[in-house]
Structures are given as C-alpha cells and as structure tokens.
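Below is one structure, written out as structure tokens, with a few remarks after it.
Number of protein chains: 2
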Amino acid sequence: MPLHWPEKVLIREVGPRDGLQNEAAFVPTAVKVQLLAALAGAGVKAIEATSFVHPRAVPQLRDAEAVMEGLDRLFMRGNDGVKSPAAPVISALTGNMRGLERAVRAGVKEVVAVVSASEAHNRANMHMSVEASLRQVREMGAAAAAGGVRLRGAVATAFGCPYQGDIAPGLVAGVVEGMLQAGVDEITLADTAGLGNPRQVYDLVTLLASCYPRVTWALHFHDNRGLALANCVTGLQAGVRILEGSVAGLGGCPFIPGAAGNAATEDLVYMLHRMGIDTGIDLDALAGCAGLLEEHLGRKICRNRV
Amino acid sequence: MPLHWPEKVLIREVGPRDGLQNEAAFVPTAVKVQLLAALAGAGVKAIEATSFVHPRAVPQLRDAEAVMEGLDRLFMRGNDGVKSPAAPVISALTGNMRGLERAVRAGVKEVVAVVSASEAHNRANMHMSVEASLRQVREMGAAAAAGGVRLRGAVATAFGCPYQGDIAPGLVAGVVEGMLQAGVDEITLADTAGLGNPRQVYDLVTLLASCYPRVTWALHFHDNRGLALANCVTGLQAGVRILEGSVAGLGGCPFIPGAAGNAATEDLVYMLHRMGIDTGIDLDALAGCAGLLEEHLGRKICRNRV
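Going down the list, the sequences are from chains A and B.
Sequential numbering from 704 applies to the first sequence in the working numbering.
Sequential numbering from 704 applies to the second sequence in the working numbering.
Shown next, in the form of structure tokens:
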C-alpha cells in the first residue's frame, strides 16, 4: 500500500524567535532584520520574527518593536503603504495581555500564545498554572479579535516534559480545548524538550485531529536526540501540513552544553524537496541565511554535513 | 488508521567495519576486540566485525585474522570449544574469492558480498563492472556453501550515487537478482552516499519486497543530511526488520570535512525503544561503547546532544 504524501508543506521559520532568544549575546536589530529579509528572499512564507515578552525575561528580543519597524520598511512598497505581495506572514510570540497590546501597537497581524501541557513546565516557564494561562489566552483572544489580529496557539511540552516526564494526551487536549475557547484555529504541538518519537507523533496528532477536526495543526520539534526529521515524517503521515524549523538548527540553551535547537530548516526543506514535496523555498538561498547567521555569531552552528 | 510497528528489530552494528575502515589511523587489534566485546556485552546481536580485503586497499582492517582470533577467545567458554550462547552473530565483508577463502580459514560463519547498483560507483570501488562483480558473487556463493558459511549480500548506492545521480529501481533489482542466483537470502540496501529520502525508502523497499518476497531485507543509511533515522522509520513501515548502525555514528571519509558516518546506533536504539520497539540492547552500555571509542580515538565523534 503506497504511503500518501502532501504536494506541498508550509514551512514556518522560527529561528529569529526560538533561536535568537537562546543566544547568550544580543543580536543587533539590523542583523535580525537582515536575516528576516534574507529568509523572505529565500521564499520562506511564514516567519515567527520576535517575542513581545518582558525585556528582563528575554533580553535578547527586547528590540521587538524595532524589528517590526524594520520589517515594515522592508515590505512596504515605496510610500503607498501597500504591502509587497512577496511579504511572508510575520508572527510574534506574546506572553500575556501586555505583550499582546505591544504587538498590536507594533502592527503585528498574527500573534502566538503558548501554554504548556505540563503543569510543572508551565509554572517554571510562565510562573502560573495551566488554568491561569488558559484564562489569560481567552482574554488575549478577545483583545486580538477586537484589534483585527489573528491569534495562534502553541502547546509546549506536548510530547514530554523534562520535569514531569510523559505527558498524557488528555493534558494536551485540555490545553487545545482552552485555546479553542479563545478563538484559536491553528495550534502548534511543540516538542519543547526534544522527547517525542515518530510513533507518538503519529498517534497524538491522529487522536487530536479526530477529536478537533476543525483545527489546523502545526508541528515544532527540537532535535535533542536527532529525531526531529523522523518526527516530521510521521507528522506528515498524520496529516500535518505546517512544519516549524529554525535556520541552521539554531536554538537550545546556552547553559546546557550540547543542547539541541529546532529541526534545522535547511535539512527539513532538503528532505521535503527530495521527497517531491514543494515548500516554495530556494534551498541554496536558505543555506545562505544559515551562513549569514554563522558569520554574525562567529561560530559554526550547522551540523557537519557534506 | 493506526500505523503498524514491529515488536522487535534486529540491530546490526557495522561500526567496527564501516566505521573503522574510514579512520585515518590504524586502531590496534586489542582495542578493536575490546570494542567488539563491549558491543556484545551491551546486547548487540549482530556485528559486522571486519573486512577481508587486500591490506593495501583497506590498511585499517589489515588485522582481520587477528580480530577473528580475538573474538574466538572471547566467545569460547573455557576450553571445551563451545560457543557462548551470548555470542553475537559475527560477519565480515569480503571483496572477492581470495577474501572469502581467508574469511573461511579464519572461522567466519557469515560473510557479506557488496555490489553497487551504480555502474560508475562499482567501477570506482571494485574496479570492475557490475556484471563482473555479480559473476564473482556467484563463485563466492558456491564456495561459501561448500565451506558451510552463510553469504549475505549488500547493494551499495541503492538510493543514489555521487557519480551517477539517481539510481533507477531496476538497477537495484538487477543486483538483487544476481545475488539470489548466488544463493543469498538476505540483502542489505545501502545508502552509501546518504542520498536517500523517506519516501524513496518506503517505495523502493515495498517494490523489491513484492518482487522478491523470500528475501530478508536490511537497511543501511549514512547520515549526510540528517535523514538516516527518518529513512529507518519508513523502512520499518515497509516491513524491514533489520537496521544497520555504527556506534557513535562513526564512518564517513576523513578526507571530506564534514562527511557523515552511518546512522548512530545509539540514536537508532534510543528511537526504537522510545517507540516501544525492542532491540535487546542496553542503551547505557551502548553509550559506553561510543565513549570507549572516543577515548581511544582522542576526539569527540558523537553528535552534541543532551
């Protein structure tokens, strides 16, 4: 029986947010904007560009407003205020109502709210219970709708938690339901700690898709044990058509030696193209983005490959 | 529709052969035997231990006879000449009749003959045409049968060739047929240049398995673009139950910076165990084997992971 594969997949580049927030040093706004421009130039259609969170919590992304301003200049054609048709969908993470308000003022049209499926991880990351987080997301959903902004959701530690261990599908479903009540229609299942495996990915996505058939699903893997691409493959088999990656595999944690970042976008795109699946991305140009980043950061990030 | 996964998979460790042959320096016989003993101790049930090829072609494995002698001492219980029940199946690669005769004299019970699906690669690697190689394999098959030795086959560049590009399934089938005529009943499809992708793996294995239903298939991936584990996953879906790996991901070519080795056995075993698939291997002990190798080689080989 032949396997069925999609004709195309949307790649969402999250390196500028999930990657750069984990760099020890602050990357200057101009470099960030240069990277975002290069990614858009390579044909990336969706980019998570920054985070509107407290500058003390994530100082690396304290220039969120300035980054958005830079992007506006990039993608506005001349002075007529019309967005370039080549402009990717730019989204930004927001941690709470205050972040959402900042994002709306900065002109962001798509924001992402993250809640962890793991109570322990949510308390560590968001300093509140899962229930309190979901209450906040409902508020954010109402404000986003009022402001004409799209709110996406992301479930952190959906495939396992470093504090709590295995995560029962019911915990993920609980967060999904809370997000649906907030008006969210697209949810990213994030393997925050790189603990997922291909069998689990297929089973969890299949279960959730059958329970919540109207949700658009996206997947986000960290490559801690080299399983990110394998997890993407069974995610595709389960029907997912949006995959998140980080250029050069950026990310991880500078305080954990050897911690891995996201699936490297260039590996993901290489694999999909070799499988005959279109992404609209120019792989050589994408590799150039990884090179740009390495040059700025002054170290090799990409895995050694021929 | 749930995906079906096997309950167990046989892992064949090929690092002592495919890995060490690519090391610039000769690894002393005692270290090789120590590694083989540690692998067996970790529960690895099948090991490709060495190559019987011309010492000028692969000087790193010029001690094949001595390695086999060391293994005999390891796995013989006392002086009664009875093999330990914990002994793994030890196989060795043989390049031609002379290699086969050396292997038989050294007491090897399972030998492997390799023929490339790519004419260009076979000429570069074996210095003869595919047809000539297959003629030789038939001779080897007859000699192996006469000597009470099992002959396995391996098809190199089955998923793509660095010289010839894409490899049509018919070219792989041609080698498979030649090997069947030589009495081979198990064939490894090898992605020698790390060019395969998950869709292709599923399609090629499915096609070959339907054409040659009596063959036992094994898969062997190099990780040049990080796709080795993803390729293993769709290989399992296509029904393959034998996967080859190299401890610490050893292998590649010391003359190509960044060239990748085989799928790292410890990553493969980690993934399978997380998927609920049994391998009989103790993952911690296997990680110890990788450490032993790194200690001896004096460099870090394993990918950076938490």
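All residues carry an ideal CB built from backbone N, CA and C; glycine is no exception.
What does DSSP give as the partner residues of residue i in its beta bridges?
i	result
A/Glu-889	A/Thr-919
B/Gly-856	B/Ala-816, B/Ile-890
B/Asn-965	B/His-925
A/Gly-868	A/Cys-864
B/Ala-749	B/Arg-715, B/Val-792
B/Met-779	B/Lys-786
B/Ser-754	B/Leu-796
Looking at C-alpha atoms only, which residue of the options is the closest neighbour of residue i?
i	options	result
A/Leu-989	A/Thr-919, A/His-999, A/Glu-716	A/Glu-716
B/Ala-820	B/Leu-911, B/Val-833, B/Ala-809, B/Arg-808	B/Val-833
A/Ser-787	A/Leu-777, A/Ala-795, A/Ile-793	A/Leu-777
B/Ala-861	B/Tyr-905, B/Arg-841, B/Met-978	B/Tyr-905
B/Gln-839	B/Gln-940, B/Gly-948, B/Leu-803, B/Gly-863	B/Leu-803
A/Val-875	A/Val-818, A/Asn-828, A/Ala-795	A/Val-818
A/Arg-1002	A/Ser-754, A/His-707, A/Ala-727	A/Ala-727
A/Gly-873	A/Ser-949, A/Val-908, A/Ala-849	A/Val-908
A/Val-1010	A/Pro-865, A/Gly-877, A/Ala-941, A/Gly-948	Examination of residue 1010 of chain A is not possible in this model, given that chain A is present from 704 through 1009 alone.
A/Pro-762	A/Ala-745, A/Ala-743, A/Pro-731, A/Ala-835	A/Pro-731
A/His-824	A/Val-972, A/Gly-948, A/Arg-855, A/Gly-868	A/Gly-868
B/Met-974	B/Gly-994, B/Gly-948, B/Gly-991, B/Thr-753	B/Gly-948
A/His-809	A/Ala-752, A/Ala-741, A/Leu-837	A small fix is needed here, since residue 809 of chain A is Ala in this sequence, not His. Of A/Ala-752, A/Ala-741, A/Leu-837, the residue nearest in Cα terms is A/Ala-752.
A/Asn-965	A/Ile-890, A/Pro-705, A/Ala-789, A/Leu-723	A/Leu-723
B/Leu-911	B/Arg-977, B/Gly-744, B/Gly-942	B/Gly-942
B/Gly-850	B/Leu-1000, B/Arg-805, B/Asn-828	B/Arg-805
A/Phe-729	A/Pro-758, A/Ala-993, A/Leu-939	A/Pro-758
A/Leu-995	A/Glu-710, A/Ile-714, A/Met-704, A/Leu-742	A/Leu-742
A/Met-829	A/Arg-977, A/Trp-920, A/Thr-797	A/Thr-797
B/Ile-714	B/Asp-721, B/Met-978, B/Lys-748	B/Lys-748
A/Met-704	B/Ser-913, B/Glu-822, B/Cys-992, B/Leu-922	B/Ser-913
A/Arg-944	A/Ile-890, A/Cys-992, A/Leu-1000	A/Ile-890
A/Leu-922	A/His-976, A/Met-978, A/Gly-856	A/Gly-856
B/Glu-822	B/Asp-721, B/Tyr-866, B/Met-978, B/Arg-801	B/Tyr-866
A/Glu-710	A/Gln-940, A/Ala-993, A/Leu-1000, A/Cys-992	A/Gln-940
Specify, as a first and last residue, the run of the beta strand (DSSP E) that residue i falls within.
i	result
A/Gly-948	945-948
A/Glu-822	Not the beta strand (DSSP E): A/Glu-822 falls in the alpha helix (DSSP H), residues 822-829.
A/Ala-933	Note, A/Ala-933: premise wrong, no beta strand (DSSP E); alpha helix (DSSP H) at 931-940.
A/Leu-796	792-797
Between which two residues does the alpha helix (DSSP H) carrying residue i extend?
i	result
B/Ser-832	Run containing B/Ser-832: none; DSSP gives neither H nor E here.
B/Pro-709	Looking at the DSSP string, B/Pro-709 is not in any alpha helix (DSSP H), and its letter there is neither H nor E.
B/Leu-723	Careful: B/Leu-723 lies outside any alpha helix (DSSP H) and carries neither H nor E.
B/Thr-982	Neither: B/Thr-982 is in no alpha helix (DSSP H) and is coded neither H nor E.
A/Leu-738	732-744
B/Gln-903	901-914
Compute the beta-carbon to beta-carbon distance between residue i and residue j, rounded to the nearest angstrom, for a pair I have assumed lies under 8 Å.
i	j	result
B/Ala-963	B/His-925	6 Å
B/Asn-799	B/Gly-954	Going by Cβ atoms, the distance from B/Asn-799 to B/Gly-954 rounds to 23 Å, so no, they are not a contact pair.
A/Val-811	A/Ala-795	5 Å
B/Val-712	B/Leu-946	6 Å
B/Asp-863	B/Gly-899	Before going on, a small fix: residue 863 of chain B reads as Gly here, not Asp. Right, their Cβ atoms sit about 6 Å apart.
B/Ile-984	B/Gly-746	4 Å
B/Ala-835	B/Val-814	Contact flag wrong, Cβ pair sits at about 19 Å.
B/Val-918	B/Asp-888	7 Å
A/Val-708	B/Arg-826	Sequence inspection shows Trp at residue 708 of chain A; the Val mentioned does not correspond to that position. About 35 Å; that fails the 8 Å criterion.
A/Leu-739	A/Pro-719	6 Å
A/Ser-754	A/Ala-767	6 Å
A/Leu-986	A/Glu-998	About 19 Å separates the two Cβ atoms, so there is no contact after all.
B/Ala-816	B/Leu-854	6 Å
Verify the contact flag: residue i, CB atom, against every heavy atom of the ligand SAH, threshold strictly below 7 Å.
i	result
A/Pro-705	Looking for the ligand SAH in the displayed structure turns up nothing, as the structure carries no ligands at all.
At least 3 beta-carbon pairs within less than 8 Å: the segment 767-775 of chain B vs the segment 727-738 of chain B: yes
At least three beta-carbon pairs within less than 8 Å, the segment 887-894 of chain A to the segment 915-931 of chain A: yes
Given 8 Å, three or more beta-carbon pairs between the segment 928-945 of chain B and the segment 932-942 of chain A: yes
Any 3 or more C-beta pairs closer than 8 Å across the segment 840-857 of chain A and the segment 868-882 of chain A: yes
Residues of the segment 934-952 of chain B with Cβ closer than 8 Å to any Cβ of chain C, in chain order: Of the protein chains in the structure, A and B, none is chain C.
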